[in-house]
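Colleague: Numbering (the working numbering), first residue to last: 3 to 92.
For glycine and all other residues, C-beta sits at the position ideal for the given N, C-alpha and C.
Given the structure is predicted, the values throughout are model-derived calculations rather than measurements.
Structure below; questions to follow.
See the structure below:
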């Protein structure tokens with residue numbers, strides 16, 4: 003019999019953390035940044051929606067760490083302090 007692990011991603015807006023629970027070991031935790039306008043479900047409100055969601059795609063999963071994406075498309079650049087200084091609004 004093969005064991006099946008169900009991954010769960012939990013995001014705490016209060017703690018600004020993402021927790022990955024996969025049942026295969028200890029939880030893994032990463033910092034996140036939610037919307038400056040707080041939480042809310044109104045479309046176009048620029049707020050972070052609450053509730054249960056489904057991950058449809060893993061954007062950039064085949065890209066190297068630090069790859070820069072604009073509009074979900076890779077630019078071919080890698081993040082650096084120099085790039086951040088040159089493109090502060092990106």
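(1) Looking at residue 31 and residue 18, is the spacing between their C-beta atoms short of 8 Å?
(2) Distance check for residue 56 and residue 43, CA to CA, integer angstroms please.
(3) Tell me the rounded alpha-carbon separation between residue 139 and residue 62.
(4) Residue range of the alpha helix (DSSP H) that residue 22 falls in?
(5) Please specify which runs of the beta strand (DSSP E), each continuous and at least 3 residues long, are wholly inside the stretch 11 to 69, giving them in chain order.
(6) Taking DSSP as the reference, what is the three-state secondary structure of residue 83?
Modeller: A quick look at the data gives this:
(1) Along the chain shown, read from residue 1 onward, the residue named residue 18 stands at position 16. Along the chain shown, read from residue 1 onward, the residue named residue 31 stands at position 29. Not closer than 8 Å, so no.
(2) Sequence index remark: in the chain shown, residue 43 carries index 41 (1-based). Sequence index remark: in the chain shown, residue 56 carries index 54 (1-based). Roughly 16 Å separates the two Cα atoms.
(3) Past the boundaries of the shown model lies residue 139; the chain is included only from 3 to 92, so the question cannot be answered.
(4) In the chain shown, the residue the question calls residue 22 occupies position 20. Per DSSP, residue 22 belongs to no alpha helix (DSSP H); it is in the beta strand (DSSP E), 19 to 23.
(5) 19 to 23, 30 to 33
(6) Along the chain shown, read from residue 1 onward, the residue named residue 83 stands at position 81. Three-state DSSP puts residue 83 in a helix.
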